[in-house]
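**Student:**
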Amino acid sequence: MVFSSIEFLFLFMPVAIGAYFVVPRALKNHVLLAASLLFYTWGGGAFVFILAASIAVNYWAGGFAAAAREQGNDRRRAIGVAVGVAANVALLGYFKYANFFVDQLNSVGDALGIGTIAWTNIGLPIGISFFTFQSMSYTI
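The working numbering puts the first residue of the sequence shown at 9, with every later residue one more than the last.
In structure tokens:
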């Protein structure tokens, strides 16, 4: 679904905005989260669990870092930030560069006669760079 589609303009957006303004203040972020996951599922549903896992890890890492900062524990804060950043870089690295690195290793393996790695190309989740860097900015 794209932002200029009929479904988005006259179905999804009005329902999401309406739900946001109808629910109590404590549930507004939950409505936005649900709408975001639904929108992502509509556009690239196969990878919605990756987005959900990224959200969960970054929510935990950000909360851990914030609690450590309030306690004045810089070491624990750094651990929370490091875990969040490492998880995001690993996610981005895997989905954007794993195919490239395996192809390069297979080329070297062929040239040296030592065999290749059996590999099925992986798809690229929609917007992975955007949501990964947004998640890192939250954690940091």
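Idealized CB from N, CA, C, for every residue including glycine.
Under three-state DSSP, which class holds P133?
**Tutor:** P133: coil per DSSP, three-state reduction.
**Student:** Work out the CA separation of N107 and A61 for me, nearest whole Å.
**Tutor:** Taking the straight line from one Cα to the other gives about 22 angstroms.
**Student:** To the nearest angstrom, how far is it from the Cα of L100 to the Cα of I148?
**Tutor:** So the alpha carbons of these two residues sit roughly 17 angstroms apart.
**Student:** In this structure, does DSSP put G80 in helix, strand or coil?
**Tutor:** G80: coil per DSSP, three-state reduction.
**Student:** Less than 8 angstroms separating the beta-carbons of V97 and A69?
**Tutor:** No.
**Student:** Please report the straight-line C-alpha distance between A24 and A86, rounded to a whole angstrom.
**Tutor:** Near 36 angstroms, if we compare the C-alpha coordinates of A86 and A24.
**Student:** On a CA-only basis, which of G52, Y67, L132 is nearest L41? Give me that one, please.
**Tutor:** The option with the nearest alpha carbon to L41 is Y67.
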